[in-house]
Structures are given as structure tokens and as C-alpha cells.
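Taking it in order: structure first as C-alpha cells, then the write-up.
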Amino acid sequence: MNMPIFALVLLPFAAAFLCRAVGRKNEENCAVVSTACCALTFALCILCAVFAYGESLKIPIFGFSFSLGGFHAVYGIVSAFMWSASALLSHQYFKGHHNKSRYNFFLLLTLGATMGVFLSADLFTTFIFFEIMSFTSYVWVVQEQTDEAMAAGKTYITIAALGGMVALMGLFLLYNITGTLEIDVLYEAVSASGKSAKLYVCAFCLLFGFGAKAGMFPLHIWLPKAHPVAPAPASALLSGVLTKAGVFGILVITGHILRDDKIWGYTLLALAVVTMVLGAVLAVFSVNLKRTLACSSLSQIGFILTGVSMITLLGEENALAANGTFLYMINHSVVKLVLFLAAGAIYMSAHTLDLNKLRGFGRGKPFLAVIFLVGACSLAGVPGFCGYISKTLVHESIVEYAHHAGTLITVVEWLFLFSGGLTVAYMTKLFVAIFIEKGSGDGKKMKLSLASKLALIFSAIPLIVLGILPHALSEKITQTMLPLANGHAFHHAVEYTAWANLKGVLISLLIGAVVYFVFVRTLLIKRKDGRKTYICPWSDKLSLENLVYVPVCKGFIAAFGALLAFFDKLPERLIGAGIFVLSVICRAADDVTDFFALLLRKTVLGDTKEIQVRHKHRVAYAVGSVLDKLTSSEEHTHAKKFSRVMETVSHTTSRIFGNFSFALLMACLGICTILLLLIFVF
Amino acid sequence: MFILVMAVVFPLVCGLIVPFLKNIESRKAKLSLVIAMQAVESVFCALIIFSQTMRTGVFKITDVITLGFSSDMLAKFFLGIICVGWLLVLLYACVYMKHEKDEERFFSFMLLSEGAMVGAALSAGLVSMYVFYEFVTLFSAPLVIHSLSKESVAAAKKYLYYSVAGAFAALFGIFVLSGECSLEFAAGGNLENASPLALAAVFVMCVGFGAKAGMFPLHGWLPTAHPVAPAPASALLSAIIAKAGVLAIIRTVFFTVGADVLFGTWVQTALLCLCLLTVLMGSMMAYREKVFKKRLAYSTVSQISYVLCGLFLFTEAGVEGALLQILFHAIVKVGLFLCCGALIFLYGKTNVDEVHGMGRKMPVTFSCFTLLSLSLIGIPPTGGFISKWYLASASLESSLGVFAWLVPVVLLASALLTAGYLLSISIHAFFPREGSAQTMEIRKEPVLMLIPIVILAILCLLGGLFAAPVTDIIGRIASSVM
Chain A
0 MNMPIFALVL
10 LPFAAAFLCR
20 AVGRKNEENC
30 AVVSTACCAL
40 TFALCILCAV
50 FAYGESLKIP
60 IFGFSFSLGG
70 FHAVYGIVSA
80 FMWSASALLS
90 HQYFKGHHNK
100 SRYNFFLLLT
110 LGATMGVFLS
120 ADLFTTFIFF
130 EIMSFTSYVW
140 VVQEQTDEAM
150 AAGKTYITIA
160 ALGGMVALMG
170 LFLLYNITGT
180 LEIDVLYEAV
190 SASGKSAKLY
200 VCAFCLLFGF
210 GAKAGMFPLH
220 IWLPKAHPVA
230 PAPASALLSG
240 VLTKAGVFGI
250 LVITGHILRD
260 DKIWGYTLLA
270 LAVVTMVLGA
280 VLAVFSVNLK
290 RTLACSSLSQ
300 IGFILTGVSM
310 ITLLGEENAL
320 AANGTFLYMI
330 NHSVVKLVLF
340 LAAGAIYMSA
350 HTLDLNKLRG
360 FGRGKPFLAV
370 IFLVGACSLA
380 GVPGFCGYIS
390 KTLVHESIVE
400 YAHHAGTLIT
410 VVEWLFLFSG
420 GLTVAYMTKL
430 FVAIFIEKGS
440 GDGKKMKLSL
450 ASKLALIFSA
460 IPLIVLGILP
470 HALSEKITQT
480 MLPLANGHAF
490 HHAVEYTAWA
500 NLKGVLISLL
510 IGAVVYFVFV
520 RTLLIKRKDG
530 RKTYICPWSD
540 KLSLENLVYV
550 PVCKGFIAAF
560 GALLAFFDKL
570 PERLIGAGIF
580 VLSVICRAAD
590 DVTDFFALLL
600 RKTVLGDTKE
610 IQVRHKHRVA
620 YAVGSVLDKL
630 TSSEEHTHAK
640 KFSRVMETVS
650 HTTSRIFGNF
660 SFALLMACLG
670 ICTILLLLIF
680 VF
Chain B
0 MFILVMAVVF
10 PLVCGLIVPF
20 LKNIESRKAK
30 LSLVIAMQAV
40 ESVFCALIIF
50 SQTMRTGVFK
60 ITDVITLGFS
70 SDMLAKFFLG
80 IICVGWLLVL
90 LYACVYMKHE
100 KDEERFFSFM
110 LLSEGAMVGA
120 ALSAGLVSMY
130 VFYEFVTLFS
140 APLVIHSLSK
150 ESVAAAKKYL
160 YYSVAGAFAA
170 LFGIFVLSGE
180 CSLEFAAGGN
190 LENASPLALA
200 AVFVMCVGFG
210 AKAGMFPLHG
220 WLPTAHPVAP
230 APASALLSAI
240 IAKAGVLAII
250 RTVFFTVGAD
260 VLFGTWVQTA
270 LLCLCLLTVL
280 MGSMMAYREK
290 VFKKRLAYST
300 VSQISYVLCG
310 LFLFTEAGVE
320 GALLQILFHA
330 IVKVGLFLCC
340 GALIFLYGKT
350 NVDEVHGMGR
360 KMPVTFSCFT
370 LLSLSLIGIP
380 PTGGFISKWY
390 LASASLESSL
400 GVFAWLVPVV
410 LLASALLTAG
420 YLLSISIHAF
430 FPREGSAQTM
440 EIRKEPVLML
450 IPIVILAILC
460 LLGGLFAAPV
470 TDIIGRIASS
480 VM
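In order, the protein sequence lines correspond to chains A and B. Under numbering that gives the first Met the number 0, think of the first position of the first sequence as 0, with each following residue one higher. Under numbering that gives the first Met the number 0, think of the first position of the second sequence as 0, with each following residue one higher.
If you want it as C-alpha cells, here you go:
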């Protein structure tokens with residue numbers, strides 16, 4: 000059994016609850032527990048990678064499957080390393096903050112989930128931990144609970160949920176097509192089933208889901224909002240590791256679902272280039288330290304995805320692209336760790352991230368300046384740092400493909416160099432503003448605790464080591480990762496110091512210098528109240544989210560909601576209307592006989608003319624009088640009685656005679672008489 | 000065999016006894032007695048579940064109208080859900096009903112409706128199931144009416160009208176079917192060839208029984224009845240009693256008629272259309288709804304139609320997905336209503352806008368609420384994810400053309416709306432905007448109220464984590480249905 004692999008995932012989860020329990024008594028101890036756990040996971044991860052490299056583990060009862068080879072091992076180590084560094088800094092960062100216990104709880108949960116994602120050997124496991132990671136990291140974004148943080152959190156969780164659902168649809172389709180989700184056998188299963196429209200739908204659904212997490216255009220909207228508002232140690236992880244979980248998924252599609260597929264390659268390339276340029280441009284405009292770094296992440300993801308698309312497009316000759324992309328991922332992870340932790344260190348004492356207020360803050364703080372410079376140089380791709388190696392490899396792969404594919408790719412190459420130039424420009428802008436210029440931030444004291452200093456030093460070291468040992472270390476690491484994206488090994492060694500390779504970086508640096516001096520120094524700095532101020536002409540309103548997504552979603556929900564609300568009430572309305580109509584009909588049916596009776600009475604059955612009844616019946620009265628006389632009755636009793644009887648009789652007969660029935664009776668009698676006459680007489 | 004009858008009769012008898020407990024002075028003694036009754040019933044259910052399939056002799060009223068019980072796999076499945084659900088809700092109700100009048104009446108009708116539910120689950124033929132189905136409606140209506148307010152009376156009337164109208168529609172179908180085939184349940188169905196009239200009858204029956212399951216067009220009673228009923232009643236109505244409609248549909252479609260006969264007919268198309276419409280409609284209405292319980296009621300409308308979607312695929316995989324969804328929806332929806340009830344009981348808050356910052360005051364309740372919500376949305380590693388996975392892959396496997404991919408798409412769109420209407424509650428509860436912190440006193444959540452909620456939350460998490468054994472059992476039940 001290779002249970003230690005599972006322990007890597009389980010340990011942080013268990014520690015999270017321990018941390019919560021500890022936090023009930025004393026919140027300060029939470030950070031200790033979480034740092035210890037992160038460090039332990041890191042150590043365990045290295046041990047596992049040494050002693051159990053390439054092993055895999057299946058846990059049928061959970062349906063999980065893990066692997067500890069290649070990419071899985073490397074990124075497991077990178078994640079655990081970054082968590083440790085971030086946790087180390089968070090001791091000082093969170094001093095005086097609320098909800099420390101909550102932060103550490105979710106920090107560890109997310110570590111467990113992230114380890115799960117990177118160690119997963121099938122996409123089902125990946126997805127499960129991916130979703131846990133999305134939702135637990137939400138708490139980081141809203142940790143401060145400001146209005147800004149809540150708004151960013153809303154965008155973050157919306158995109159995460161949406162991405163998760165679409166990716167799930169992709170997995171449903173993939174499972175339906177291939178019958179397996181195991182990464183290693185996926186390619187054979189896909190080739191066996193052949194390419195179909197369904198496969199492309201599936202791949203693009205997955206791209207949507209993983210791309211959303213990676214921060215790929217057009218799903219990047221959460222990234223520049225969420226990274227700046229999260230606490231700095233969390234931003235480092237959001238930016239450095241969580242985006243890579245998205246890239247991991249895209250690499251799986253590249254290497255195992257749509258291997259060497261041109262449609263896939265070009266689509267990804269287009270999206271990647273837009274992301275790369277857009278992020279860099281936004282970063283140049285930004286006047287907030289962490290927002291600049293967040294936009295930079297966006298841009299760097301674009302660089303990485305450009306590399307990924309090159310892996311696909313170059314097919315058999317993708318050695319440069321594959322090695323470059325993997326190294327770029329590691330580089331970006333660590334660079335963002337350094338820079339965000341440095342930003343955190345700055346925020347701890349300056350309590351602001353606004354460049355105009357930070358101006359001059361870094362003067363006389365050489366330790367921080369050196370750390371920041373290492374990160375900036377590696378990000379910009381200055382020779383001697385890890386970023387140079389990775390950027391050169393990806394750049395050379397584009398050059399290589401441009402030989403085959405012509406001008407379009409040459410345009411991509413120039414955009415790549417241009418974005419690299421912008422990277423130089425915005426990092427220069429940050430460095431100059433914070434560490435060189437004089438301003439309001441000047442003279443503010445900063446005290447870093449030993450833990451914070453160690454965190455910063457540890458995180459900066461890999462950038463230099465990987466940069467100066469390209470053949471001995473960097474390429475060795477990336478070579479183990481190649482199978483994930485179906486990358487091929489180098490045919491011949493790359494000369495990193497050759498002029499052809501240095502040329503690309505020099506062009507970028509040149510573009511950066513031009514942009515910085517011509518654009519940033521002139522157009523983005525204005526004089527306000529006699530002071531130079533960085534301005535951001537890029538309005539917040541001018542975002543894809545505010546201009547397109549929110550109105551479209553609102554409109555869609557309103558319209559669709561109204562339609563469905565209509566359906567919701569439809570049965571009740573129909574029943575109401577039905578009852579009304581039925582009651583009208585029933586009432587009509589109920590009254591129909593009466594109606595005919597009334598009609599008949601008013602017409603044929605009505606009384607004939609009223610017959611005048613004589614007041615006194617003379618004959619009866621005379622007979623009565625005679626009787627009265629005979630009985631010598633004084634009162635005319637008989638006369639009155641007789642005349643009254645006769646009156647009634649004549650009244651009744653008159654009614655009988657005046658009646659339609661009597662007429663009918665008479666008619667009947669007549670007919671009968673005629674019949675009898677006919678029968679007997681003739 | 001005797002135990003089957005006991006399981007049905009015992010709660011009915013208990014229900015009749017409970018009103019006479021009014022004279023007992025001590026509330027504790029009274030409640031202990033009620034709980035003891037429920038415990039005995041749970042033991043009966045457990046005995047049935049863990050023994051072999053049993054059948055009682057058929058009691059013939061006429062040649063067609065027969066009464067009989069049998070405990071097949073499906074009946075055991077429902078029996079398990081019923082007895083666990085009732086036990087947990089009863090524990091909760093002991094605290095919740097403290098402030099309400101006439102709690103004996105409430106407990107009495109709770110037990111009576113349990114008896115009717117058990118009867119419906121154990122019935123061996125369509126007619127006896129129909130009888131118990133009607134009794135479920137009649138016995139559960141007083142639960143809705145409990146507060147005797149004007150709204151609750153109106154709501155109970157609406158509930159009765161809808162359910163009875165649906166049941167009559169179903170009765171028409173039973174008349175027709177009785178001329179075509181045997182009405183005794185048999186796995187795989189009794190009908191060889193479906194005449195157009197029989198198809199129409201099945202359609203009418205599904206729509207009629209769908210009233211209880213909250214399927215469009217007879218879903219209207221759910222959002223009306225839930226807000227006025229006491230929370231334990233809402234929980235039972237929404238999570239379990241509404242499943243009586245599902246049970247009836249399974250028994251009709253799979254045990255009386257036979258799924259093969261219906262596969263690919265217009266009935267399937269029409270029913271799937273109705274279900275998908277209901278799924279989207281319920282979620283959207285829940286998203287727009289501000290009254291907490293009404294939101295949950297609309298959510299039930301949507302979620303039970305997930306089950307029906309799975310059933311109406313008429314495949315074994317579809318049934319498996321549907322049964323998983325029945326299980327996890329029952330767990331989750333009981334839990335959610337109990338959480339909502341705790342909020343009403345302790346703070347009198349009925350609106351979703353009022354939950355700001357309540358997470359800090361009711362940490363356990365809202366932690367469980369969040370976990371249960373994640374399950375309802377279908378986020379791993381909770382049970383809801385498993386059921387959604389099975390439903391979607393069942394649909395994609397089926398050869399239904401457009402519906403094969405439309406079902407998963409609709410399920411996921413609805414899941415997104417579910418996230419919108421449930422997670423927003425958790426977010427407001429746990430992360431109030433700064434400055435909106437209220438200075439309301441903290442009232443401790445009663446332990447007896449928390450126990451059922453925590454158990455349910457743990458169940459739904461474990462169900463998702465240890466998915467393999469759960470799906471194993473459910474898979475066996477599903478294969479026994481076809």
C-alpha cells in the first residue's frame with residue numbers, strides 16, 4: 000500500500016480541524032498549527048517523492064486515484080513549499096486581525112484539496128478536489144469582509160461555480176465517450192473512439208472550467224478583483240498555485256484528449272495571446288501594488304497557455320515548448336509567492352497598497368528591495384534568473400513554429416515579446432515607485448519578524464538556483480513532468496547564453512524601457528498639488544464584467560425568470576379561468592329548462608285574456624232568494640252562498656277555457672271525434 | 000408476515016392514542032411516550048429491512064380491488080428513509096413544538112401519516128397503494144393546517160385540492176389499466192403491448208401522482224403549504240411525503256406497466272419535457288423568492304423533478320440515479336428545513352434577507368446548512384454530487400437523442416441557480432458586511448434540535464465520501480426494479 004500518498008491529502012484536512020479546535024482556546028496558536036502542518040506536508044511530500052516516486056494509489060471506496068510521478072510529484076512539492084512559506088509569513092501579517100482561526104482552517108482545507116488536485120491520477124478525483132479547492136478558497140477572498148472583498152468574492156464564486164458546472168458537463172461527456180477518466184489511459188480510449196464533434200464539445204467544456212480557474216480570457220474577470228482583496232499570503236497562493244490547478248487541467252486536455260490537434264492548438268493560442276496582452280496592459284495602468292501583481296498573473300497565465308498551445312501545435316518537435324511551459328509554471332508560482340509576500344510585508348507596516356501613498360516606502364530597506372528585485376527580474380526574464388530560462392524556451396518554440404506556419408505566428412511572437420516588454424515596464428514602475436522615488440511613504444518604519452524574513456528568503460532562493468543551473472536542475476525537473484502534456488525530450492542541449500536566445504530577452508527589455516520612459520513616465524504620471532502622482536486612466540467601469548457579463552446575466556435572468564414565473568403561475572391561472580368558464584356553463588345548463596318554460600309562458604303558454612267575471616250570478620241569486628224565502632232566512636244566506644259558488648265555478652271555467660291546455664284538450668277531442676267518425680261512419 | 004401488517008397498523012393505532020395523552024401533566028413523559036412509539040415503529044421497519052422479502056396474503060375486496068403487502072427491495076428502501084426521517088424529525092419537533100398549541104394533535108397526525116406512508120411503501124398492488132396514498136394526503140393536511148391561521152387553512156385546502164385532483168386523475172388511469180393488465184406489482188411490469196388508451200392512462204397517472212411530487216402543472220401547493228406549516232411538518236412534507244408521488248410513479252411505471260413498453264413513446268417525451276420545465280422553473284422561482292421556507296419549497300419542486308427525470312429515462316441507470324437523488328434529497332431537504340426552523344424558532348426570522356451575521360450566532364446550524372447546501376447543489380465530496388453524476392451519465396448513456404444531453408445541461412443550469420439561491424444565504428450568514436453586525440443577544444441552539452441536523456449533515460457527507468458502498472446497494476435496488 001502506498002498510503003503515504005493519501006496521507007499527503009488527508010493530513011491537511013485533519014490538521015484543519017485540529018487547528019479549529021486549538022483556535023477556540025487561543026487564536027494565536029492556530030498559525031503555529033497550520034505552519035507546522037504545511038511544513039510537515041512539505042517534508043512528507045519530498046520524502047514520498049524520493050521513496051515512492053512514480054507510485055500510484057487507488058482507493059476504491061472513495062473512488063479516488065492518486066499518482067506520485069512526474070508533474071504530480073513536482074507540483075505537490077511546489078504547492079506544499081508555497082503553503083509553508085505563506086503560512087510562515089502569515090504569523091506577522093495577521094497580527095491584530097480578526098478571524099485568524101477561520102483563515103487557518105480554510106488555509107489547511109485548501110492545501111489538502113490542492114494536494115488532491117495535483118496528485119490526482121484521474122479526472123474524477125481531480126474534479127472532486129478542484130471543487131473543494133474552489134469553495135474553500137472563497138473564504139480567503141472574503142476574509143476581510145469589506146464591501147470590496149464581498150463584491151470580489153461574489154465574482155469569484157460565481158465564476159468558480161459556473162466553471163465547475165461546465166467542467167462537470169465536460170467530464171460527463173468524456174466519461175460517456177471513453178468510459179474512463181484515468182489520465183494515463185485516456186489518450187488510448189479517445190483514439191479508440193475517434194474524433195467527433197462530441198469530443199470537441201467535451202474538450203471545450205473542460206477548457207471552460209479549468210480556464211476559469213486559470214484566469215484565461217474571457218473568464219479572467221475574477222482574477223484582478225479577487226487577488227488584491229485577499230490577504231497577501233493568500234493572494235500568493237491564489238495567484239501562484241490555484242491558477243496552476245486550472246493549467247493542470249488544460250495540460251491534461253492537451254496531452255491526453257486532443258493530442259496534436261490543430262483546432263485545439265489555435266483556439267488555445269488565440270485565447271492565450273489575448274490573456275497575455277490584456278493582463279500586461281492592465282498591469283501597466285494599475286496604481287495598486289497588488290492589483291498590478293494580479294494583472295501580471297493574468298498576463299503570465301497567458302504566457303503559459305501560449306506555451307501549452309505550442310506544445311500542441313509543434314507535435315513531435317515540442318521539446319522546447321513543453322520544457323519551457325513547465326518551467327514557466329514553476330517560475331510563475333514562485334515569483335508570485337515572492338512578490339505577494341513582499342507586498343504583504345509592505346502592507347503590514349504601510350497599511351496601504353496605493354502606489355502614490357507607498358512612494359518611497361522602500362528607501363533604506365535593502366533586504367526588501369533585494370527580495371523584490373529577485374522576483375521582478377525573474378518575472379521579467381532577466382538572464383541569470385529562472386524566468387529567463389523559461390521565457391527563452393517558450394519564445395524559441397514560437398520562433399520554431401513560425402518557420403512552419405508563417406506570418407500569423409510571427410505576429411504572435413512579437414506580441415509575446417511586446418507583453419514581455421510590458422512586464423519589464425510595470426515591474427520597473429513598481430520598483431521605482433516603492434524603492435527609488437521619494438514620497439509620502441518615505442521614512443515609515445518596518446519591522447520584519449524572523450519568520451517573515453525566512454519566508455521571503457526561502458521563497459526567493461529557488462528562482463536563483465533554477466536560473467543558474469538550467470541544465471543541471473531546471474531541465475531535469477521539467478523532463479519528469481513531460482508525460483502529462485505528451486512533451487518530448489530535448490534532442491540537443493539548449494545554449495542559454497547563445498546570442499540567438501539572448502536576443503529575445505533583450506528586445507523585450509528594450510521595449511520595456513521604451514514603454515516605461517515614453518508612456519509610463521509621461522502619460523501615467525500627472526502633477527497634482529505640486530506632486531507627481533500616478534494616475535490610472537483605465538476606468539474601473541471599463542471592464543468586461545461590468546459592460547457585458549453583468550448586464551447580459553441580469554437581462555437573461557430577468558427574461559428567463561419572467562418566462563418561468565409565468566409557467567409557475569400558469570396552472571393556477573388556468574384552473575381559475577377553467578373554473579370560471581365551467582361555472583358559467585353549468586349555470587347556463589342549470590337554468591336552461593327554466594329559460595324555456597319562461598319563454599313558453601311568455602309566448603304560447605301565456606294566459607289568454609282575463610275574462611270579466613260578473614259580480615253576481617243572477618240565476619243563482621234568484622234560486623237562493625227563493626230558498627231563503629222558503630226557509631224564511633233573514634240574512635239571504637242561500638242567495639249569497641249560491642252566488643259565491645257560481646262565481647267560483649265561472650271563474651274556474653273561464654280559466655280552464657282560457658288555457659292553452661284546454662285548447663289542446665279540445666283539439667284532441669276534436670281529432671278523436673273525427674277519428675271515430677272516420678272509423679265508424681265511413 | 001405479521002410484521003408487515005404491524006408496521007402499517009402500529010403507527011396508525013399510536014396516532015389514534017396520542018390525542019388521549021393530553022391528560023398527562025408532564026410534557027417530558029408525554030414526549031417520551033411518543034418517541035418510544037416511533038422507536039418501536041423504527042424497530043419494525045428495521046426488522047423488515049434486514050429480513051428476506053415477505054408477502055402477506057392478498058385480501059380481496061372484489062376481484063380487482065385487492066389489498067396486500069410485500070417488502071421488496073424498493074419498499075425497503077423507502078421504509079428506511081421513512082423511519083429514519085420520522086425519527087429525526089420527531090426528536091426535533093419535541094423542541095420545536097414547545098411554543099405551539101395542540102402539539103398532541105400534531106404528533107397524532109404525524110404518526111398517522113407515517114402509517115399511511117409505510118402502507119403505501121409496502122403495498123403489493125396498485126389499488127392498495129392508491130388507498131394509502133389518499134390517506135397520506137388526508138393525514139398530512141392537518142399538519143399544514145396546524146396553526147389554524149387563515150393562511151394555513153387556505154394552504155391546506157389548496158394542498159388537498161391539488162393532491163386529490165391528482166389522485167383522481169390517477170384513479171382514472173387505474174380504471175383503464177385494470178382492463179388491460181393485472182394491477183399486482185411485478186418487477187418489469189405486466190403490460191405486454193401498450194394500446195394508445197393505456198399510454199394516455201399512464202401519462203395521466205404520472206401527471207396525477209406528480210402532483211404530490213411537485214411536478215408541473217400540479218406543483219402549486221408546495222410553495223403555498225410550506226411557509227405556513229410548522230418546520231418539522233415542512234421538512235417531512237417536502238423531503239419524504241412528496242416522495243410518495245415518486246413512489247407511486249415508480250410503482251406505476253416500472254411495476255405495473257413496464258418501462259420497456261413506454262420507452263420511446265410520446266409519453267416519455269411529454270413527461271421528460273414537463274420534468275425539465277419543472278427543474279428549471281423551480282430553481283428560478285427559488286432564486287427569485289425571498290421567504291426562506293418558500294425558497295426551500297421551490298427548491299423541492301426543482302429537486303424532485305431531478306428524480307423524475309431519472310425515472311422517465313426508463314433505463315436501469317436512470318433509476319439508479321433517481322434513487323440516489325431520492326436518498327440524498329431526503330437527507331438534505333429535511334436538514335435544510337430543520338435549519339430554517341431553528342432560525343425561526345430561536346430568532347423568529349423568516350426572510351432570507353434577515354440572516355445577516357446569523358452564522359456567528361448559530362455556528363453549528365449554519366455550518367450544517369452550508370454543507371447540506373453544497374450537497375443540494377451537487378458539489379463534491381457530498382452525496383448530491385454522486386446522485387447528479389449518476390443521473391447525468393445515465394442520461395448520456397440512453398439513446399434518447401436530444402434529451403440525452405439536454406437533461407445534464409438542464410441539471411447543471413439548475414445547479415447553478417441552486418448555488419445562487421442557497422450559497423447566498425450561507426455567505427450572508429457567515430460574512431456580514433462590516434458594520435452590519437447586530438447586537439442581538441445570542442440564544443443557544445437546543446441540543447435536541449442540533450442532533451438531527453448534525454446527523455443529517457454527516458450522513459450526506461459520508462454518503463458522498465463512501466460513495467462506492469452506497470451506489471452498490473442502490474444499484475442492486477435499481478436492477479430489482481427493471
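Ideal Cβ positions, reconstructed from N, Cα and C, are used throughout, including at glycine.
| message | Does the CB of residue 392 of chain B have a neighbour CB from chain A at under 8 angstroms? | response | Interface residue, yes.
| task | Run down chain A in chain order and give the residues with a C-beta less than 8 angstroms from the C-beta of residue 415 of chain B. | result | Here the neighbours are 160, 161, 164.
| request: List the residues that DSSP assigns as beta-bridge partners of residue 181 of chain A. | output: Note: residue 181 of chain A sits in a beta bridge opposite A:121.
| message | Judging by CA-CA distance, which residue of A:618, A:340, A:54 is the nearest neighbour of residue 372 of chain A? | response | Comparing Cα-Cα distances from residue 372 of chain A to each of A:618, A:340, A:54, the minimum goes to A:340.
| request: Compute the distance between the beta-carbons of residue 412 of chain A and residue 424 of chain A, then report whether it is under 8 angstroms. | output: Taking 8 angstroms as the Cβ cut-off, residue 412 of chain A and residue 424 of chain A do not qualify as a contacting pair.
| message | Just to confirm, is the Cβ distance from residue 163 of chain B to residue 197 of chain B under 8 angstroms? | response | At least 8 angstroms separates the beta-carbon of residue 163 of chain B from that of residue 197 of chain B.
| task | Put residue 78 of chain B into one of helix, strand or coil per three-state DSSP. | result | In the three-state DSSP reduction, residue 78 of chain B falls in the helix class (H, G or I).
| said: Cβ closer than 7 angstroms: which chain A residues qualify as neighbours of residue 284 of chain B? | reply: Going along chain A in sequence order, the residues near residue 284 of chain B (Cβ under 7 angstroms) are 563, 564, 567.
| field | Which of helix, strand or coil DSSP assigns to residue 350 of chain B | value | Look at residue 350 of chain B here: in three-state DSSP terms it is strand.
| request: Closer than 9 angstroms, Cβ to Cβ, to anything on chain A: give me those residues from the region 286 to 300 of chain B, in chain order. | output: For the region 286 to 300 of chain B, which is checked against every Cβ of chain A, the residues closer than 9 angstroms are 286, 287, 297, 300.
| request: Identify which residue in B:51, B:91, B:73 has its Cα closest to the Cα of residue 444 of chain B. | output: For residue 444 of chain B, the closest alpha carbon among the candidates B:51, B:91, B:73 is that of B:91.
| Which residues in the same chain have their Cβ closer than 6 angstroms to the Cβ of residue 208 of chain B, if we skip the five residues on either side of it in sequence? | Correct list, in chain order: 169, 244, 247, 248.
| field | Beta-carbon proximity list for residue 637 of chain A, same chain, < 6 angstroms, skipping 5 on both sides | value | Contacts found: 623, 626, 627.
| Between the region 295 to 308 of chain A and the region 197 to 208 of chain A, do three or more beta carbon pairs fall short of 8 angstroms? | With a cut-off of 8 angstroms, the region 197 to 208 of chain A and the region 295 to 308 of chain A do not count as touching, because too few Cβ pairs lie within range.
| said: Please report the straight-line C-alpha distance between residue 468 of chain A and residue 55 of chain A, rounded to a whole angstrom. | reply: Straight-line measurement puts the Cα of residue 55 of chain A at about 30 angstroms from the Cα of residue 468 of chain A.
| Does DSSP put residue 287 of chain A in a helix, a strand or coil? | It is a strand residue.
| message | I'd like to know if residue 408 of chain B contacts chain A, where contact means its C-beta is closer than 8 angstroms to some C-beta of that chain. | response | The C-beta of residue 408 of chain B comes closer than 8 angstroms to at least one C-beta of chain A.
| message | On the criterion of 16 or more Cβ atoms from any shown chain inside 10 Å, does residue 265 of chain B qualify as buried, or is it exposed? | response | It is exposed - the Cβ of residue 265 of chain B has fewer than 16 other Cβ atoms within 10 Å.
| request: For residue 74 of chain B, collect the residues of the same chain with a Cβ closer than 6 angstroms to its Cβ; drop the 5 residues on either side in sequence, then sort them by chain order. | output: Closer than 6 angstroms at the Cβ level, and outside the excluded window around residue 74 of chain B, lie 120, 121.
| query | Going by Cα to Cα distance, which pick from A:160, A:140, A:312, A:163 is closest to residue 238 of chain A? | reply | Minimum Cα distance to residue 238 of chain A is reached at A:140.
| said: Checking 8 angstroms against the spacing of the C-beta atoms, do residue 227 of chain A and residue 293 of chain A come in under that value? | reply: Going by C-beta atoms, residue 227 of chain A is nearer than 8 angstroms to residue 293 of chain A.
| request: Would you tell me roughly how many angstroms separate the C-alpha atoms of residue 265 of chain A and residue 393 of chain A, rounded to the nearest one? | output: Rounded to whole angstroms, the gap between the alpha carbons of residue 265 of chain A and residue 393 of chain A is 16 angstroms.
| query | Between residue 261 of chain A and residue 310 of chain A, what straight-line distance do the alpha-carbon atoms span, to the nearest angstrom? | reply | So the alpha carbons of these two residues sit roughly 11 angstroms apart.
| message | Cutting at 6 angstroms between CB atoms, please list the residues of its own chain near residue 257 of chain A, excluding the five before and the five after it. | response | Within the same chain, Cβ atoms closer than 6 angstroms to the Cβ of residue 257 of chain A are found at 202, 263, the five residues on either side in sequence being excluded.
| Contact set between residue 127 of chain A and chain B, taken where Cβ atoms lie within less than 8 angstroms | Identification of chain B residues near residue 127 of chain A by a Cβ-Cβ cut-off of 8 angstroms yields 379, 380, 384, ordered along the chain.
| field | Per DSSP, the bridge partner or partners of residue 525 of chain A | value | Here residue 525 of chain A is bridged, per DSSP, to A:532.
| Which of helix, strand or coil does DSSP assign to residue 104 of chain B? | Note: residue 104 of chain B maps to helix in three-state DSSP.
| said: Taking 8 angstroms as the threshold (beta carbon to beta carbon), is residue 309 of chain B in contact with chain A? | reply: No, residue 309 of chain B lies away from the interface with chain A (no Cβ there is under 8 angstroms from its Cβ).
| Touch test, the region 146 to 162 of chain A against the region 445 to 456 of chain B, Cβ-Cβ under 8 angstroms, three pairs minimum | The region 146 to 162 of chain A vs the region 445 to 456 of chain B: no contact.
| query | If the cut is a Cβ gap below 8 angstroms, which residues of chain A does residue 258 of chain B touch? | reply | Correct list: empty, because the minimum Cβ distance to chain A is about 21 angstroms.
| said: Per the DSSP calculation, residue 183 of chain B is bridged to which residue(s)? | reply: B:124.
| said: Beta carbons nearer than 9 angstroms to chain A: which residues of the region 207 to 225 of chain B have them? | reply: Listed in chain order, the positions of the region 207 to 225 of chain B with a beta carbon within less than 9 angstroms of a beta carbon of chain A are 215, 216, 217, 218, 219, 222.
| task | Please go through the same chain and pick out, in chain order, the residues whose beta-carbon is closer than 6 angstroms to the beta-carbon of residue 474 of chain B, but skip the five residues on each side of it. | result | Excluding residues within five positions, the ones whose Cβ falls inside 6 angstroms are 319.
| Are residue 225 of chain B and residue 236 of chain B close, meaning C-beta to C-beta below 8 angstroms? | Yes, Cβ-Cβ distance for residue 225 of chain B and residue 236 of chain B is below 8 angstroms.
| What's the call for residue 671 of chain A, buried or exposed, on a 16-neighbour Cβ count within 10 Å? | Label assigned to residue 671 of chain A: exposed.
| query | Any beta-carbon of chain B closer than 8 angstroms to the one on residue 174 of chain A? | reply | Residue contact check for residue 174 of chain A against chain B: a CB pair falls below 8 angstroms.
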